[in-house]
Amino acid sequence: MTRLPNRSAQTLRLVAELLDGPRAWRHGYELSKATGLKSGTLYPILMRLADQGLLIAKWEESDRPGVPPRHVYRLTPDGLAYARAQAEAEPATLGARVSKVNS
Amino acid sequence: MTRPLHAYMQRISSSLAEHAVAVMPTARKDWARAMRAELASLDVGIERMRWSFGCLRAAYSERVRHFAVLDRLPVRILIALLSLNEAHGLIWSAKLAWVYRTNPDWAAQYLGSESIQVYAAIPTLLIGLCAISAALYAVAAVYLVRHRRNAVPYYAAAVATELTSLIGFSWVSVSVDSWSLRSEASHYCVWLGITVLALMIASHFRYREFPPSGGRT
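Protein chains in written order, with my numbering: chain A, 690 to 792; chain B, 470 to 686.
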């Protein structure tokens, strides 16, 4: 049996948010606020996306003294392709974002 | 929020995030550190607490997933056999309760004097629930052995149906004044064990079918 890709509402919401600013690096907390996903849900999805090569993560030094470096994330070219493919399947969630990105 | 309480919550949330880093499997440590680093940029006490509990949940969920014991067929067969044993127990209870209505003498040889009162008072609905739960366990066991994620909803339904029937049995026991704490506790402990197994199975399958093959083409 062919395995189906994960299209959970939470994953789609996160991908939609990342697709909103495809070149911008985003913090975990910022993504959590924007998507309404709690950290316990958000991070496992981020891990899965990174495992699949759809998301890239890097450490970024903080501007504020005493604050440790933070992880930042954005979609890889494969991730963008995946997001666009999902947008075709789920136009209500992702379609508007894709048209915004393409314009 | 008062200052001591705020400081106390800061300490607790930091400890929880530290614990999450410790629990996270080695291959994922960097992600736990990333979650902990986010915590440092949060000032509000309650928000920090929420974030740190989320870290803990993610860490434990990854820890359970990385056991990967369910990838092994013998382990799946063992859990399936435990499930079938539970199904057998449920079918046996349903059978005794049903037969008691038609042939009390036959059923009496398997039941103690206290149990007879309970079985006599069991409504048909509960007998049906036991049978349904047993069937659900059996189907779930088959899906588990075949490593199909369909096992998850069947286990969830089986566990929920069994809990409902257990509560029903307890209710009947109390109503006929034949309630035994030891007997009830043993039933609920077995149910709890099965529930933990079902949660492990759900966690195992949660991201099992993630590979977005459609998106990579």
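Built from N, CA and C at the ideal position, the CB exists for glycine as well.
Owing to the predicted nature of the structure, the values given are computational and were not obtained by experimental measurement.
With 16 or more other CB atoms across the displayed protein chains lying within 10 angstroms of its CB, Pro733/A is buried. Nearest Cα to Arg497/B within the set Ala528/B, Glu653/B, Ala563/B and Ser521/B: Ala528/B. Nearest CB-CB separation between Ala509/B and chain A: below the 8 Å threshold.
Val756/A: not part of any alpha helix (DSSP H); DSSP gives it neither H nor E. Counted as a single uninterrupted DSSP element, the alpha helix (DSSP H) harbouring Ala620/B occupies residues Ala620 to Ser644.
Between the segment 763 to 776 of chain A and the segment 736 to 746 of chain A there are three or more inter-stretch CB-CB distances shorter than 8 Å, so the stretches are counted as touching. In terms of CA proximity to Val608/B, Ala549/B leads the group Leu666/B, Ala549/B and Leu511/B. By the Cβ-count criterion, Glu749/A is exposed, with fewer than 16 other Cβ atoms from all chains shown falling within 10 Å of its own Cβ. Chain-order list of chain B residues neighbouring Pro757/A: Ala506 and Ala509, by C-beta distance under 7 Å. Taken in chain order, the complete alpha helix (DSSP H) segments of 4 residues or longer contained in the segment 561 to 590 of chain B are 573 to 577 and 582 to 590. Between Tyr579/B and Leu565/B, the CB-CB gap stays under 8 Å. Under DSSP, Lys747/A takes part in a beta bridge, and its partners are Val761/A. The bridge partners DSSP lists for His716/A are Val761/A. Between Ser552/B and Ala610/B, the beta carbon gap of about 4 Å places them in contact (Cβ cut-off 8 Å).
Think of a sphere of 9 Å around the beta carbon of Lys727/A: the chain B residues whose beta carbon falls inside it are Arg519, Trp520, Phe522, Gly523 and Arg526, in chain order. With respect to the C-alpha of Gly717/A, the residue from Leu708/A, Asp709/A and Leu703/A having the closest C-alpha is Leu703/A. Here the alpha carbon of Val621/B sits roughly 11 Å from the alpha carbon of Thr664/B. By the criterion of at least three beta-carbon pairs nearer than 8 Å, the segment 631 to 639 of chain B is in contact with the segment 648 to 657 of chain B.
Along the segment 488 to 507 of chain B, going in chain order, the ones with a CB nearer than 9 Å to a CB of chain A are Arg497, Asp499, Trp500, Ala501, Arg502, Ala503, Met504, Arg505, Ala506 and Glu507. With a threshold of 16 other beta carbon atoms within 10 Å, Thr495/B falls short and is exposed. A contact is defined here as three or more CB-CB pairs under 8 Å, and the segment 476 to 490 of chain B meets this definition with respect to the segment 508 to 518 of chain B. In chain order, Gly729 and Pro733 make up the part of chain A whose C-beta sits under 9 Å from the C-beta of Ser530/B. Within the same chain, Cβ atoms closer than 8 Å to the Cβ of Ile560/B are found at Cys599, Ala600 and Ala603, the five residues on either side in sequence being excluded. Going by C-alpha positions, Ala770/A is about 11 Å away from Pro711/A.
Counting along the chain, the unbroken alpha helix (DSSP H) around Ser652/B starts and ends at Leu650 to Arg675.
Nearest CB-CB separation between Gly710/A and chain B: not below the 8 Å threshold. Rounded to whole angstroms, the Cβ separation of Glu531/B and Met493/B is 6 Å, and the two are in contact under 8 Å. In the structure shown, Asp540/B falls within a helical segment according to DSSP collapsed to helix, strand and coil. In the three-state DSSP reduction, Gln741/A falls in the coil class, being neither helix nor strand. Residues Leu743 and Leu744 of the same chain have their beta carbon placed closer than 6 Å to that of Gly768/A, with the five preceding and five following residues left out of the count. Taking the C-beta atoms as reference points, Ala489/B is found nearer than 8 Å to Leu525/B.
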